[in-house]
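Working notes, structure below.
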Amino acid sequence: MNQSSPFQSFLMGGFECSTHRRPSGRRVDVIDATAHDRHAHADYQRLAQVGLRTARDGLRWHLIERRPGEYDFLSAEAQVRAAQAAGVQVIWDLMHYGFPDFIDLLRPEFPGQFADYALAAMRFLRSFTTGTLWLCPINEISFSAWAGAEVGYFNPCLHGRGAELKRQLVRAVAAASQAICRADSDVRFLHAEPLIRVHPSPKFDPFEAALEHEGQFETFDLLCGAREPELGGHPELLDVLGVNYYPYNQWLHHPEVEGRITLNAAHPTYQPLHELLAQVHARYGRPVLIAETGTEGDERAPWLDMVLRQSALARRAGVTLLGVCLYPVVNHPGWDDDRHCHNGLWDYADAHGRREAHQPLLARLQHGPRALATAHP
Numbered sequence: 011m012n013q014s015s016p017f018q019s020f021l022m023g024g025f026e027c028s029t030h031r032r033p034s035g036r037r038v039d040v041i042d043a044t045a046h047d048r049h050a051h052a053d054y055q056r057l058a059q060v061g062l063r064t065a066r067d068g069l070r071w072h073l074i075e076r077r078p079g080e081y082d083f084l085s086a087e088a089q090v091r092a093a094q095a096a097g098v099q100v101i102w103d104l105m106h107y108g109f110p111d112f113i114d115l116l117r118p119e120f121p122g123q124f125a126d127y128a129l130a131a132m133r134f135l136r137s138f139t140t141g142t143l144w145l146c147p148i149n150e151i152s153f154s155a156w157a158g159a160e161v162g163y164f165n166p167c168l169h170g171r172g173a174e175l176k177r178q179l180v181r182a183v184a185a186a187s188q189a190i191c192r193a194d195s196d197v198r199f200l201h202a203e204p205l206i207r208v209h210p211s212p213k214f215d216p217f218e219a220a221l222e223h224e225g226q227f228e229t230f231d232l233l234c235g236a237r238e239p240e241l242g243g244h245p246e247l248l249d250v251l252g253v254n255y256y257p258y259n260q261w262l263h264h265p266e267v268e269g270r271i272t273l274n275a276a277h278p279t280y281q282p283l284h285e286l287l288a289q290v291h292a293r294y295g296r297p298v299l300i301a302e303t304g305t306e307g308d309e310r311a312p313w314l315d316m317v318l319r320q321s322a323l324a325r326r327a328g329v330t331l332l333g334v335c336l337y338p339v340v341n342h343p344g345w346d347d348d349r350h351c352h353n354g355l356w357d358y359a360d361a362h363g364r365r366e367a368h369q370p371l372l373a374r375l376q377h378g379p380r381a382l383a384t385a386h387p
């Protein structure tokens with residue numbers, strides 16, 4: 011490990027842990043669907059064996075607080091103990107899109123409810139953790155607000171209230187972070203947000219594309235108090251900036267989501283990832299972590315190669331880039347249709363917890379890209 015990094019490995023692995031409800035009322039629970047909770051020991055041993063000694067994983071709030079103010083962390087204990095036994099450092103998501111059914115995110119009491127749960131979660135995790143404890147309080151605030159309250163894609167399934175929900179989630183993170191830091195001075199935070207590039211389209215006003223592109227930074231601006239400090243944001247709240255980057259994160263602007271045209275690296279205006287990382291780093295002056303990245307099928311290994319090459323360029327240019335998290339490391343059912351998403355390093359588990367590896371991606375991890383990932387800038 012680079013002594014200047016707080017993480018045990020530059021390359022990391024992430025377990026998908028979404029728990030939201032769809033408009034139909036059905037709850038997604040990816041940890042259950044992938045049997046990660048039941049095979050956590052084997053999953054974490056595999057991570058350690060391939061050199062992924064830092065991970066992202068999550069707690070399932072809806073199972074922990076079934077009744078208001080009563081916390082039972084039995085649903086998370088296998089994951090926590092497995093990570094500890096394997097010597098894998100974990101960044102724990104406290105809310106990955108899902109929450110208990112009695113919670114109303116837009117009511118005034120929500121920030122306090124989340125802070126109480128977050129404090130209880132910190133104390134539970136601290137009992138298994140020596141040294142710094144890493145938390146991601148709410149994953150992708152901006153996407154949660156857009157999907158949950160702007161377009162009604164998942165809970166709370168509202169429309170036209172995304173800006174309102176985003177500010178509620180910022181209030182909740184601020185309240186939780188303050189409560190946690192008062193109780194434990196050795197907790198650090200990752201705030202993970204999508205990293206996008208919106209390109210102007212000749213069919214529409216370029217100002218609209220610029221405005222949409224700039225909007226990706228609003229959550230970080232609110233968290234650090236650069237905007238609307240009355241929400242509780244302050245500079246110390248921004249610690250490590252997580253940026254989630256996928257093949258569909260650059261597109262031509264269109265006022266309707268369905269009209270977007272995704273751009274790939276072959277497009278003449280596609281902006282290299284290392285430049286996007288440099289822009290985030292320069293804007294906030296904080297360390298950056300590629301907190302999620304990956305793709306499906308045969309493109310998994312080439313995509314990781316590209317991300318690691320771009321990461322090396324960013325580090326050589328002076329970006330404090332702390333790592334790359336392959337996300338997810340385990341294939342999972344699709345949120346919408348339960349299709350088998352071949353996007354992980356390992357497949358579904360058999361009855362004994364064995365998972366077949368995607369060999370090209372495994373080979374990349376074990377050989378070529380490792381030198382790029384560990385190279386000093």
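Under the working numbering, think of the first position of the sequence shown as 11, with each following residue one higher.
Cβ atoms here follow ideal geometry from the backbone N, Cα and C, with glycine treated the same way.
Only a predicted model underlies this, so the values are computations on that prediction, with no experimental measurement involved.
| Item | Value |
| --- | --- |
| Minimum length 4: unbroken alpha helix (DSSP H) runs contained in the segment 12 to 88 | 40 to 43, 50 to 59 and 71 to 74 |
| Between the CA atoms of residue 346 and residue 295 - distance to the nearest angstrom | 38 Å |
| At least 3 beta-carbon pairs within less than 8 Å: the segment 302 to 311 vs the segment 230 to 250 | no |
| Status (buried if at least 16 other CB within 10 Å, exposed otherwise) for residue 221 | exposed |
| Three-way DSSP call (helix, strand, coil) for residue 358 in this model | strand |
| Spatially closest choice to residue 197 from 227, 45, 372 and 131, by CA coordinates | 131 |
| Which of helix, strand or coil DSSP assigns to residue 204 | strand |
| Residue 319 versus residue 312 - alpha carbon distance | 11 Å |
| Alpha carbon of residue 270 to alpha carbon of residue 154, nearest angstrom | 20 Å |
| DSSP-derived helix/strand/coil call for residue 238 | coil |
| Short Cβ contact (8 Å threshold) for residue 45 with residue 100 | no |
| For residue 254, the residue or residues it bridges with in DSSP | 204 and 302 |
| Selection from 76, 167, 133 and 125 that minimises the alpha carbon distance to residue 107 | 167 |
| Selection from 231, 316 and 50 that minimises the alpha carbon distance to residue 176 | 231 |
| Member of 339, 20, 377 and 360 whose CA lies at the smallest distance from the CA of residue 368 | 339 |
| Cβ-Cβ distance between residue 317 and residue 283 below 8 Å | yes |
| Extent of the continuous beta strand (DSSP E) to which residue 103 belongs | 99 to 105 |
| Buried/exposed call for residue 80, threshold 16 Cβ in 10 Å | exposed |
| Coil, strand or helix - residue 148 by DSSP | strand |
| Presumed contact (8 Å Cβ cut-off) between residue 356 and residue 48, rounded CB distance | With a Cβ gap of about 15 Å, residue 356 and residue 48 do not count as contacting. |
| Nonlocal neighbours in the same chain, by C-beta distance under 8 Å from residue 76, ignoring five residues either side | 82 and 110 |
| Contact the segment 260 to 274 vs the segment 136 to 145: 3+ CB pairs below 8 Å | no |
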